[in-house]
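Since the structure comes first, as structure tokens, the remarks are kept for the end.
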Amino acid sequence: MESTYDNSFSKIALTITSAQLAKKMSVKEFGVGEDLTFNFMGWDDDKLVVICQMKKPIMALEHADRLTRSGHLCIALRRYWGVTDITMIAEGFCSLDSKKTKGLDLAKVYAQNGSEVQECITVAHASVRGDKMLSDLVAIPYRYLPDNEIEWGEIQTYPGGADKILRNSSFPKMLRKSLSEPVYEDELPEEAYNELMEAINNNGFYIQELP
13 MESTYDNSFS KIALTITSAQ LAKKMSVKEF GVGEDLTFNF MGWDDDKLVV ICQMKKPIMA
73 LEHADRLTRS GHLCIALRRY WGVTDITMIA EGFCSLDSKK TKGLDLAKVY AQNGSEVQEC
133 ITVAHASVRG DKMLSDLVAI PYRYLPDNEI EWGEIQTYPG GADKILRNSS FPKMLRKSLS
193 EPVYEDELPE EAYNELMEAI NNNGFYIQEL P
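Quick note on numbering: the sequence shown equals residues 13 to 223 in the working numbering.
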């Protein structure tokens, strides 16, 4: 892959495009209500080096279990792939009027047909540069149209503000914590590498390395 993703904005832009395409294809094939599974993209500076996707059965587990498994994955990406950035794709709800929905359960507001809340794809991005840790969050609201089509809303950007925007900011915090781990500098022996890949699979993730 060409080295054209030299800042957080370009990485997030690529991730948004990929997520929108995946969502569109998923809804076309499986119908309304088919959510994307967690996806993690690992970057070595300006190069995308690894993509991981949580398996569907794991998505059905409790929040704490998914967080723990995702944390183990992201630590492995940092230690053994030396990633400097991790981008996470998930689904949720976002408020179009933060003052009106402050302190409310957005899922409940949405279920009550609250026009201030929409379903959305969220993209959380964390990066480390020296001793400086950065994080960004964007949300892409959407609504379903007839014939399994999707209408995308205006992208909501929260640069450096994930903890302030999300009531449960455990995943952005997990991304930053993972990137604080030391990098294993030596190349893994083949047997250890195979064991690592098997452990990631058993932990509930598909993984694809990029050349």
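Glycine included, every Cβ here is placed at the ideal spot set by N, Cα and C.
None of these values were measured; they are calculated from a predicted model.
Touch test, the stretch 59-73 against the stretch 181-200, Cβ-Cβ under 8 Å, three pairs minimum: no
Residue burial classification, Val-195 (beta-carbon count within 10 angstroms, cutoff 16): Locating residue 195 in the sequence shown gives position 183, counting from the first residue. Exposed, because fewer than 16 other Cβ atoms sit within 10 Å of the Cβ of Val-195.
Contiguous beta strand (DSSP E) assignments of at least 3 residues, all confined to the stretch 75-110: 97-107
The stretch 125-142 contacting the stretch 95-110, beta-carbon criterion three pairs below 8 Å: yes
Best match in Ala-119, Thr-49, Glu-199 for proximity to Pro-69 [C-alpha to C-alpha]: Walking along the sequence shown from the start, residue 69 turns up at place 57. It is Thr-49 whose Cα lies nearest to the Cα of Pro-69.
Span of the beta strand (DSSP E) around Lys-144: For this step, residue 144 is matched to residue 132 along the sequence shown. 144-157 is the span of the beta strand (DSSP E), which, as asked, contains Lys-144.
Cβ-based neighbour list, Val-121, same chain, cut-off 7 Å, excluding 5 preceding and 5 following: To locate residue 121, count along the sequence shown from 1; it is residue 109. The residues are Thr-113, Glu-128, Val-129.
Contact under 9 Å by Cβ, Leu-208 with Leu-60: To locate residue 208, count along the sequence shown from 1; it is residue 196. To locate residue 60, count along the sequence shown from 1; it is residue 48. Cβ distance not < 9 Å, so Leu-208 and Leu-60 don't count as in contact.
C-alpha gap between Ala-25 and Glu-203, whole angstroms: The residue labelled residue 25 in the question sits at position 13 within the sequence shown. The residue labelled residue 203 in the question sits at position 191 within the sequence shown. Whole-angstrom Cα-Cα distance: 37 Å.
8 Å contact criterion, which Leu-191 and Met-145 should meet: CB distance rounded: The residue you call residue 191 lines up with position 179 of the sequence shown. The residue you call residue 145 lines up with position 133 of the sequence shown. Indeed they touch by this definition, with Cβ atoms about 7 Å apart.
Collapsed DSSP secondary structure at Ile-24 in the structure displayed: The sequence position of residue 24 within the sequence shown is 12, counting from 1. Ile-24 falls in the helix class under three-state DSSP.
Per DSSP, the bridge partner or partners of Met-66: Here the question's residue 66 lines up with position 54 in the sequence shown. For Met-66, which the question treats as bridged, DSSP gives the partners Phe-217.
Option nearest Ser-107 by Cα separation, candidates Glu-131, Gly-94, Gly-216: The residue labelled residue 107 in the question sits at position 95 within the sequence shown. Of the candidates Glu-131, Gly-94, Gly-216, the one whose C-alpha sits nearest the C-alpha of Ser-107 is Glu-131.
Residues that Lys-59 bridges to, as DSSP identifies them: Translated into the one-based positions of the sequence shown, residue 59 becomes position 47. DSSP output for Lys-59 lists Asp-56 as bridge partner(s).
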